[in-house]
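Q:
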Amino acid sequence: GQTIDLVRSIQSSIAATAQRITLNTEVMHDLVLQVMGLQLQLDNITAFVDDHEENMADLQYHSKYTQNRTVERFESLEGRMLSHETEIDTIFTNINATDNHVHSMLKYLDDVRLSCTHGFNSHAEELYSLNKSVSMVQDTSDMLREKFSLMNVRLDFDVQNLS
Numbered sequence: 001g002q003t004i005d006l007v008r009s010i011q012s013s014i015a016a017t018a019q020r021i022t023l024n025t026e027v028m029h030d031l032v033l034q035v036m037g038l039q040l041q042l043d044n045i046t047a048f049v050d051d052h053e054e055n056m057a058d059l060q061y062h063s064k065y066t067q068n069r070t071v072e073r074f075e076s077l078e079g080r081m082l083s084h085e086t087e088i089d090t091i092f093t094n095i096n097a098t099d100n101h102v103h104s105m106l107k108y109l110d111d112v113r114l115s116c117t118h119g120f121n122s123h124a125e126e127l128y129s130l131n132k133s134v135s136m137v138q139d140t141s142d143m144l145r146e147k148f149s150l151m152n153v154r155l156d157f158d159v160q161n162l163s
């Protein structure tokens with residue numbers, strides 16, 4: 001009962017950990033897509049600069065704007081990556097704890113198996129000894145039956161001789 005609950009708890013913990021890993025993978029994929037989108041924006045800015053060199057004031061305005069946005073996005077991205085790194089560390093910590101728990105459960109189950117084996121061997125020896133004792137009792141009872149039968153015959157013989 002308790003062992004089954006423990007095993008179910010471990011299975012549930014492993015499933016939750018796998019689900020969190022999947023979620024983190026999806027988030028990392030989204031981050032890669034955002035970085036690619038950012039790269040496209042940077043490419044567009046470069047093309048814009050090449051096409052409109054004569055409009056320097058406009059170029060500087062757009063360049064400054066884009067630079068600020070890029071810094072903001074990189075800062076945001078860095079924050080999110082730190083957050084995911086922390087989550088991944090937590091997941092690995094949980095996996096290690098679960099692994100240690102599973103190993104201790106396996107050791108416990110092995111100890112139980114050994115204990116059961118010793119108990120089984122002890123019961124087998126007791127049954128063997130009991131079987132020998134029963135066999136001796138049967139042999140003794142057969143011998144007593146024979147002696148009783150012989151005594152009955154003698155008694156009948158002696159009674160007939162008395163008459």
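Throughout the sequence shown, residue numbering follows the numbering used here, covering 1 to 163 in sequence. Beta carbons are placed, not taken as given, at the ideal position from N, Cα and C, and that holds for glycine.
#1: L130 to D139, Cα distance in whole Å?
#2: By alpha-carbon positions, which one of H62, I4 and G119 ends up nearest to T46?
#3: Do you know how far the Cα of C116 is from the Cα of K107?
#4: Report back the beta-carbon spacing between H103 and I10 to the nearest angstrom; my notes put them in contact at under 8 Å.
#5: Look at the Cβ atom of E169, then the Cβ atom of R20, and state whether they are nearer than 9 Å.
#6: Helix, strand or coil, according to DSSP, for S163 in the structure here?
#7: Give me the Cβ distance between T98 and S13, rounded to the nearest whole Å; I'm assuming they're in contact under 8 Å.
#8: Quick check on G196: does DSSP put it in helix, strand or coil?
A: The short version:
#1: 14 Å
#2: Ranked by Cα distance from T46, the options H62, I4 and G119 are led by H62.
#3: 14 Å
#4: The Cβ separation is near 11 Å, so there is no contact.
#5: The requested residue 169 does not occur in the structure, where the chain is confined to residues 1 to 163.
#6: coil
#7: The Cβ separation is near 5 Å, so the contact holds.
#8: Residue 196 falls outside the range modelled here, since the chain spans only 1 to 163, and no answer is possible.
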